[in-house]
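Novice:
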Amino acid sequence: MRRAIYPGSFDPITNGHLDLIERAARLFDEVIVAVLINPAKAPLFTVQERVEMIREAVRSSHVRVDTFEGLLVEYARKVKAQVIIRGIRAVSDYEYEFQMALMNRRLDPAIETIFMMPAEPHTYLSSRLVKEVCALGGDVTGLVPPIVERKMREKFSEKLRER
Ligand code: PNS
65 MRRAIYPGSF
75 DPITNGHLDL
85 IERAARLFDE
95 VIVAVLINPA
105 KAPLFTVQER
115 VEMIREAVRS
125 SHVRVDTFEG
135 LLVEYARKVK
145 AQVIIRGIRA
155 VSDYEYEFQM
165 ALMNRRLDPA
175 IETIFMMPAE
185 PHTYLSSRLV
195 KEVCALGGDV
205 TGLVPPIVER
215 KMREKFSEKL
225 RER
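My numbering puts the first residue of the sequence shown at 65, with every later residue one more than the last.
Rendered as structure tokens:
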């Protein structure tokens, strides 16, 4: 059983993430999308909201969505995944990803990191930019799944009402 984990913050999931999940699902028997529980960050969406949006957006049957806390390699061992998948968009992603991959290898040499590239139209996409555009009233159609677009609009109009 070849099992890979695709870890991240997914705040929120974008079509770039989805593209990678579908690609990975063709290569592995099971792909676990693992959402990091990080109390140090102030995300737009709660972990539960993020998990629900991913579940709704993902189509492949052998993709599972889960959450994790603490070290990624420990989680990988726990779920018996041999591979960590990370997406690389531009060269600017490379340095951080390279450091993380080598640190994870040091922590557990049996777990391999595989970098994948999203389809070209998604190379400039990031959760941060999508949130910024949506918060300022820009159109994010086609950049995120419809459920994410809807939930982001709700979040930002809630925030406007709270002001
Ligand atoms: O989507 P992100 O925020 O770029 O994902 C980063 C993530 C979740 C992959 C990374 O922060 C992580 O693995 N955190 C868990 C803690 C850990 O294992 N740290 C050491 C990694 S070198």
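Glycine is no exception: its CB is placed at the ideal position from the N, C-alpha and C atoms.
As the structure is a prediction and not an experimental result, all values here were calculated from the model.
Smallest Cα separation from Y70: which of D130, A104, P173?
Specialist: D130
Novice: For I118, report the span of its alpha helix (DSSP H) as first-last.
Specialist: The continuous alpha helix (DSSP H) containing I118 extends over residues 111-121.
Novice: Can you name the start and end residues of the alpha helix (DSSP H) that L166 belongs to?
Specialist: 155-171
Novice: Looking at A165 and A68, is the spacing between their C-beta atoms short of 9 Å?
Specialist: Cβ atoms of A68 and A165: not closer than 9 Å.
Novice: Grouping DSSP H, G and I as helix and E and B as strand, with all else coil, what is Y139?
Specialist: helix
Novice: Given 8 Å as the limit, tell me if M181 has its C-beta closer than that to any heavy atom belonging to the ligand PNS.
Specialist: M181 Cβ: outside cutoff for every heavy atom of the ligand PNS.
Novice: I need the boundaries of the beta strand (DSSP E) containing V99, first residue and last residue.
Specialist: 94-100
Novice: Decide if the region 74-84 is in contact with the region 176-196; the criterion is three or more beta carbon pairs, one per stretch, under 8 Å apart.
Specialist: yes
Novice: I'd like the list of long-range same chain contacts for F109, defined as Cβ closer than 8 Å, with 5 residues on each side in sequence excluded.
Specialist: D75, P76, M117, K215, K219
Novice: Should the region 95-107 be called in touch with the region 130-139, which here means at least 3 C-beta pairs below 8 Å?
Specialist: yes
Novice: For V129, write down the residues that DSSP places opposite it in a beta bridge.
Specialist: The partner list for V129 (beta bridge, DSSP) reads V97.
Novice: If you follow the alpha helix (DSSP H) that R214 is in, where does it begin and where does it stop?
Specialist: 210-226
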